[in-house]
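Novice: My questions all concern the structure below.
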Amino acid sequence: MGEFHDISANGGVMRGYYALPQAPNGGGIVLGSSIWGINSDLRAVADGYAALGYAVVAPNLFWRKTSVDGTDYDYSKFDSVVTFADTGSDADSIDDMRRARTELIRRADCTRTAAIGWCYGGRIACLEAVTTTYDLCVGMYPTYIDKHLDMATRIVRPIMLHLAGEEKYTSFEDSIPRIVATFKDDPLVRSYVYSGAAHGFDFAPPHPHSDHAAARLCDLRVALALDRVLVRGETL
Numbered sequence: 001m002g003e004f005h006d007i008s009a010n011g012g013v014m015r016g017y018y019a020l021p022q023a024p025n026g027g028g029i030v031l032g033s034s035i036w037g038i039n040s041d042l043r044a045v046a047d048g049y050a051a052l053g054y055a056v057v058a059p060n061l062f063w064r065k066t067s068v069d070g071t072d073y074d075y076s077k078f079d080s081v082v083t084f085a086d087t088g089s090d091a092d093s094i095d096d097m098r099r100a101r102t103e104l105i106r107r108a109d110c111t112r113t114a115a116i117g118w119c120y121g122g123r124i125a126c127l128e129a130v131t132t133t134y135d136l137c138v139g140m141y142p143t144y145i146d147k148h149l150d151m152a153t154r155i156v157r158p159i160m161l162h163l164a165g166e167e168k169y170t171s172f173e174d175s176i177p178r179i180v181a182t183f184k185d186d187p188l189v190r191s192y193v194y195s196g197a198a199h200g201f202d203f204a205p206p207h208p209h210s211d212h213a214a215a216r217l218c219d220l221r222v223a224l225a226l227d228r229v230l231v232r233g234e235t236l
């Protein structure tokens, strides 16, 4: 089980959930949360990666909006939590994750790091692929990433896009095939479309869109990529 610790942020202090491994493999992971924040599901993901040897931190990207670290999947609260992302700043969240990464490296002496995110946090993780901050960027159903397709000409780090075939949080109707087509010739990009899966397929039950088969396939692909890039120092 991990622990919460304070992290110095721009304009204040945010909380972060740290899960440190008993047998470190040298890799570090910064988790970018969905609108649900650092809930029990995300903490379990962090603990799971730590069990594989990775040092992990999940910063509270919404600390400027709420003192609550996370909310478990209760759709009666959806309209409340979605405002955190709708009124948030990508630039602030990018900075928050970078500060969490710096503190993780200080605590765990990581040699390579990855940014992994879901929903809102997925977009933040993906946007970092145009910088050299992380060695690997992974986005699960990154919301409205189709607004940033111009990044395709500027990618400098390996990036994985795990896209819901039935994604609803897009800017245009043919968003998913257009995203895949935009990145298809870049050797640094891997795009995966999970047919029939909806936004949230990689969340645990009781999330209504949890999809066991799609989630397990997604998790396996991410685990293999983490081992390849962070542990072995290879590319995708």
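Numbering-wise (the working numbering), the sequence shown opens with residue 1 and increments by one.
All residues carry an ideal CB built from backbone N, CA and C; glycine is no exception.
(1) Is the stretch 7-26 touching the stretch 95-103 in the sense that three or more CB pairs, one from each, lie closer than 8 angstroms?
(2) With respect to the alpha helix (DSSP H) encompassing ASP6, which residues constitute its N-terminal and C-terminal limits?
(3) Is it buried or exposed, LEU220, if we count other Cβ atoms within 10 angstroms and call 16 or more buried?
(4) Considering GLY48, what are the terminal residues of the alpha helix (DSSP H) in which it resides?
(5) Whole angstroms is fine: what's the gap from ASP174's alpha carbon to PRO24's?
(6) Quick one: is VAL229 buried, meaning 16 or more other Cβ sit within 10 Å of its Cβ, or exposed?
(7) Which value, in whole angstroms, describes the spacing of the CA atoms of PHE78 and SER34?
(8) Between the stretch 152-160 and the stretch 185-195, are three or more C-beta pairs nearer than 8 angstroms?
(9) Using the C-alpha atoms, what's the distance from TYR54 back to THR113?
(10) Short check: CB of LEU149 to CB of THR182, under 8 angstroms?
(11) From this set, TRP118, HIS209, ILE105, which residue's C-alpha is nearest ASP7's C-alpha?
(12) Opposite TRP118 in the DSSP bridges: which residues?
Specialist: According to the data block:
(1) They touch, by the three-pair rule.
(2) For ASP6, no alpha helix (DSSP H) segment is defined; the enclosing uninterrupted segment is the beta strand (DSSP E) at 3-9.
(3) Around the beta carbon of LEU220, fewer than 16 other beta carbons lie within 10 angstroms, which makes this residue exposed.
(4) The continuous alpha helix (DSSP H) containing GLY48 extends over residues 40-51.
(5) Roughly 42 angstroms between the two C-alpha positions.
(6) Residue burial is scored here from C-beta neighbours: VAL229 has at least 16 other C-beta atoms within 10 angstroms and is therefore classed as buried.
(7) Between PHE78 and SER34, the alpha-carbon positions lie close to 12 angstroms from each other.
(8) Contact between the stretch 152-160 and the stretch 185-195 is present, because at least three Cβ pairs lie under 8 angstroms.
(9) Spanning the two alpha carbons is a distance of roughly 9 angstroms.
(10) Contact flag set, yes.
(11) Position check: residue 7 holds Ile in this sequence, whereas Asp was assumed. Checked all of TRP118, HIS209, ILE105; the closest Cα to ILE7 is ILE105.
(12) For TRP118, which the question treats as bridged, DSSP gives the partners MET140.
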